[in-house]
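Numbering of the sequence shown is given in our numbering, commencing with residue 595 and proceeding in unit increments.
By construction, the Cβ of each residue, glycine as well, lies at the ideal position given by its N, Cα and C atoms.
As the structure is a prediction and not an experimental result, all values here were calculated from the model.
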Amino acid sequence: MKEVEVKCPLCGHEEIIEIHDMIEVHQDGALKNSVNSFEIFKYSCNSCQQSIPLVYPVTYHDIEKKLMIHFDPEISLDNPELIDVFEDRIEKTYDQLEGYTKRFVRDPDSLREKILIRDVQLDDRLIEILKAYYIYKVTEENPKIDLKQILFNHKEGVNSFVFISENTPMFATEISDIIMDRLETLYRQRILEVSHEDFMLVDLEWAYRVIDQKH
Ligand SMILES: [Zn+2]
């Protein structure tokens with residue numbers, strides 16, 4: 595935990611609160627739920643008692659699943675310095691991270707999504723490639739759609755993508771196992787070629803680079 599000074603945007607009250615810098619889920623199982631519900635990205639103002647959103651960089655760590663995800667809105671491939679500073683800090687704190695899946699994410703939705711993908715034992719790299727495929731398919735069926743976001747979901751054994759667009763109501767498309775197998779076969783080798791042991795930013799842009807062979 596670390597302390598930060600915050601100012602309530604509603605009543606102007608200033609106070610010092612504690613935020614997480616590392617989320618060690620194996621030490622505190624309830625923390626995982628607070629990530630999923632975005633509770634960790636809120637605090638309660640001590641003066642007006644309102645719940646205030648507060649987004650800050652945080653690292654999620656699950657020893658059992660060998661999963662480490664660093665969330666930072668500023669992280670980008672154009673900002674290698676920030677990546678170096680972070681990887682340096684992690685190297686000094688943890689001496690054994692062999693075999694880990696290490697990811698960067700830039701928004702809380704992606705953090706939650708990556709955790710879910712691992713929980714259902716899927717590969718987030720394949721999921722991003724599948725997203726590219728389903729975006730192509732949905733756009734072909736509805737050329738006027740203005741897509742804002744596409745997120746993986748899993749409910750009662752069914753994998754799906756939720757599409758959020760500016761000009762249509764939110765909808766979901768079930769992910770076909772056949773398509774998943776087909777794309778897995780098609781891209782398995784490419785995925786291995788572009789993967790490495792360090793933290794990777796695996797998002798839709800990454801998937802397009804894999805598909806276009808631009809890595
Ligand atoms: Zn307040």
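| request: Report yes or no: do three or more beta-carbon pairs, one from the region 745-756 and one from the region 710-730, lie closer than 8 Å? | output: yes
| task | State buried or exposed for residue 614, treating a residue as buried only when at least 16 other CB atoms are found within 10 Å of its CB. | result | buried
| DSSP state of residue 743, grouped into three classes? | strand
| query | Any chance the region 665-685 sits against the region 790-800, with 3 or more Cβ pairs inside 8 Å? | reply | yes
| field | Paired residues, beta bridge with residue 753 - DSSP | value | 748
| query | Per DSSP, what kind of secondary structure is residue 697 in: helix, strand or coil? | reply | strand
| Less than 9 Å separating the beta-carbons of residue 661 and residue 654? | yes
| said: Do residue 729 and residue 718 have their beta-carbon atoms positioned less than 9 Å apart in this structure? | reply: no
| When every heavy atom of ligand 1 is checked, does at least one fall within less than 8 Å of the C-beta of residue 644? | yes
| request: Pick helix, strand or coil for residue 645, following the three-state DSSP scheme. | output: strand
| Three or more C-beta pairs closer than 8 Å, one from the region 769-779 and one from the region 688-697: is that the case here? | no
| query | Taking the alpha carbon of residue 705 as the point to measure from, which residue in 805, 617 and 683 has its own alpha carbon closest? | reply | 617
| query | Who does residue 617 pair with in a DSSP beta bridge? | reply | 654
| field | Neighbourhood of residue 765 by C-beta distance below 6 Å, restricted to the same chain and skipping five residues each side | value | 757
| Cβ separation of residue 645 and residue 636, assumed to be a contact under 8 Å, to the nearest whole Å | 5 Å
| Which residues does DSSP pair with residue 662 in a beta bridge? | 655 and 696
| Residues in its own chain within less than 6 Å of residue 687 by CB, not counting five upstream and five downstream? | none
| request: Using a Cβ-Cβ cut-off of 9 Å, state whether residue 669 counts as contacting chain C. | output: Absence of chain C from the displayed structure is noted, only one protein chain being present.
| field | Counterpart residues of residue 714 in DSSP-defined beta bridges | value | For residue 714, which the question treats as bridged, DSSP gives no partner whatsoever.
| request: Can you have a look at residue 624 and say buried or exposed, based on whether 16 or more other CB atoms are within 10 angstroms of its CB? | output: exposed
| Straight-line CA distance for residue 787 to residue 630? | 32 Å
| So what's residue 637 in DSSP terms, helix, strand or just coil? | strand
| field | Beta-ladder partner(s) of residue 597, from DSSP | value | 612
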